[in-house]
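In what follows, a single structure is set out as structure tokens and then discussed.
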Amino acid sequence: MKARLVFLGKLADLAGAGEIEVASGPLEAVLATLSPSLAVELLGERVRMALNGEITADRAVVLGAGDELAFLPPVSGG
Amino acid sequence: MKARLVFLGKLADLAGAGEIEVASGPLEAVLATLSPSLAVELLGERVRMALNGEITADRAVVLGAGDELAFLPPVSGG
Amino acid sequence: MEARLEIRLALAPFDPATELAAFTAAHPQAGGVVSFLGQVRADGVVEALELQHFAPLTLPGMEALGRAVLASWALDGLLIVHRAGTMAPGEPIVLVAAAARHRRDAFAAADFAMDHLKSESWFWKREKRAGQWHWIEPREQDYADKARWS
Amino acid sequence: MEARLEIRLALAPFDPATELAAFTAAHPQAGGVVSFLGQVRADGVVEALELQHFAPLTLPGMEALGRAVLASWALDGLLIVHRAGTMAPGEPIVLVAAAARHRRDAFAAADFAMDHLKSESWFWKREKRAGQWHWIEPREQDYADKARWS
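Chains as they are written, first to last, in the working numbering: chain A, 1 to 78; chain B, 1001 to 1078; chain C, 2001 to 2150; chain D, 3001 to 3150.
Here it is as structure tokens:
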């Protein structure tokens, strides 16, 4: 019953890894298991999320088993 | 005591050659030795002249021995 | 004839001259080809550049941009090759080429594509300077460049 | 560092890919290189294209244009190679490349150089169609393109 969080760009540095496994469940509960400073960054206004590769703005998402939620900081351009 | 007339672009077709030798002397006298239809084209408003490689607008130029007078129709671009 | 669209995400170095020669040869009916090549500046300060991509979004986003460009200008073909990964100074980052019957269309299409790639494509960039990696924040100039088109 | 200017009148076919690769390699400090390649359209109608030049004016005129471009934009280098003589369909006519620290400068410089080469360089052009040569008159569009910059 695991889900994955994926961190892009500088969020990976803050998280200490490009991705981590988490218990599935509501996003709020998942974030509560992380360090508060990381959780605050992930909820930043300019951070977008992609659920299984699709952009979502739903901060009340419930992660099921096998789901991947990616956190995308502002792009720095090509 | 010869000078040369050089014809660019379609003027060469009208003249039947890319260049011809002419007796030196005033331009007016030189043109009088050519066919009238060619002379009219050479004096066309949009035709520019270059004397020995330098643009000139002097229609009263006197050609000396060895001088080259080129007739340049409107450029068609690169 | 339908315009040809070729969009690639390169995970290893590519040779812009070869790419451009092949693109030009594929469009003999085009009067003009405009290209932009972006490369890692050999400025003596930046030791390496890394571009991270996110597979589900980066290439699909480039493809959507390519279709938008084709819809906006009369092109014979459009090529976009963009590197991801770690690059050394002097290495190519991005190549955009637009082939068109009319020069104006090719210039505008390449220019537009670059402005949008720079401002909104899904890449995260960091530079290594004096042995340390630094993340690059979005540049205001990039947003301003893109805004020229709206 | 002073910008490098390379202006050539080619009396025989040239290879744009080789030219562009050499130009890019010569400017590793430039972030971007914009190029325009014009080629004889392989449209099935034009059998050959001839560009006449006038030695005392054609290359000096291209050199003066090159200097004007360098004076107007912040470039690391500018390359102009222009063919004269008789060309077959698919053969290159002109290559312009501008290397600059900033993309915007490179695009504008190449665009400006092409508009001016098209409208005021010392070339006379004719096309062979169905075995007959036809002189090409100046195009109004070329004057309009140039007028964008004044």
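The C-beta atom is built at its ideal place from N, Cα and C for all residues, glycine as well.
These figures come from a predicted structure and were not determined experimentally.
In the three-state reduction of the DSSP assignment, H3027/D falls in the coil class. Distance from F2123/C to H2053/C at the Cβ level is roughly 6 Å; contact confirmed, criterion being Cβ atoms closer than 8 Å.
Within chain A, the residues whose beta carbon sits less than 7 Å from that of Q2052/C are L8 and G9, listed in sequence order.
Between the stretch 3119 to 3137 of chain D and the stretch 1062 to 1077 of chain B, the count of C-beta pairs closer than 8 Å reaches three or more; the two stretches touch. Around the beta carbon of R2139/C, a 10 Å sphere encloses fewer than 16 other beta carbons of the protein chains shown; the residue is thus reported as exposed.
In this structure Q3132/D is exposed. Its beta-carbon is surrounded by fewer than 16 other beta-carbon atoms within 10 angstroms.
Boundaries of the beta strand (DSSP E) around V3046/D: V3046 to H3053. Residue-level contact check: G2085/C does not touch chain D, since none of the beta carbons of chain D fall below 9 Å from its beta carbon. Take R48/A, set aside five residues on each side of it, and the residues of its chain with a beta-carbon closer than 7 Å to its own are I55 and L72, in chain order. Residue pairing for P1026/B: DSSP places it in a beta bridge opposite V1062/B.
Within the same chain, and ignoring the five residues on either side of A3113/D in sequence, the residues whose Cβ sits closer than 6 Å to its Cβ are V3069 and V3096. In this structure, F3023/D keeps its C-beta atom at 9 Å or more from the C-beta atom of P3092/D. The C-beta of H3082/D has 16 or more other C-beta atoms within 10 Å across all chains shown, which makes the residue buried. Pairing F3036/D with V2094/C gives a Cβ-Cβ distance that is not under 9 Å. For F2112/C, the enclosing alpha helix (DSSP H) begins and ends at R2103 to E2120.
The DSSP-derived three-state label of T3086/D is strand. A Cβ-Cβ separation of about 4 Å places A3/A in contact with L63/A under the 8 Å criterion. Not a single C-beta of chain C is nearer than 9 Å to the C-beta of F3123/D. Your pair V2045/C and G2090/C does not check out as a contact, with CB atoms roughly 14 Å apart and the cut at 8 Å.
Residues of the stretch 1021 to 1052 of chain B that bring their beta carbon within less than 7 Å of a beta carbon in chain D comprise A1050, in sequence order.
Around the beta-carbon of V6/A, 16 or more other beta-carbon atoms lie within 10 Å, marking it buried. By the C-beta criterion, the stretch 3065 to 3080 of chain D is judged to be in contact with the stretch 3002 to 3014 of chain D, since at least 3 inter-stretch pairs fall below 8 Å.
At a cut-off of 9 Å between C-beta atoms, A1003/B does not count as an interface residue with respect to chain D.
In this structure, DSSP gives R3041/D a state outside helix and strand, which the three-state scheme calls coil. In the DSSP annotation of this structure, the continuous segment of the beta strand (DSSP E) that includes L3005/D starts and ends at R3004 to A3010. Note that the C-beta distance between A2012/C and G2085/C is below 9 Å.
When the five nearest sequence neighbours on each side are left out, the beta carbons in the same chain lying within less than 8 Å of the beta carbon of G2031/C are those of A2100, R2101, H2102 and R2103, in order along the chain. A straight-line Cα-Cα distance of about 6 Å links E3050/D and E3127/D. Listed along chain B, the residues sitting closer than 8 Å to W3135/D by beta-carbon distance are G1009, K1010, D1013 and S1076. Taking A2106/C as the centre and dropping the five residues before and after it, the same chain places the C-beta of G2032, V2034, A2098 and A2100 closer than 6 Å to its C-beta, in chain order. The alpha-carbon of A12/A is positioned some 24 Å away from that of D2142/C.
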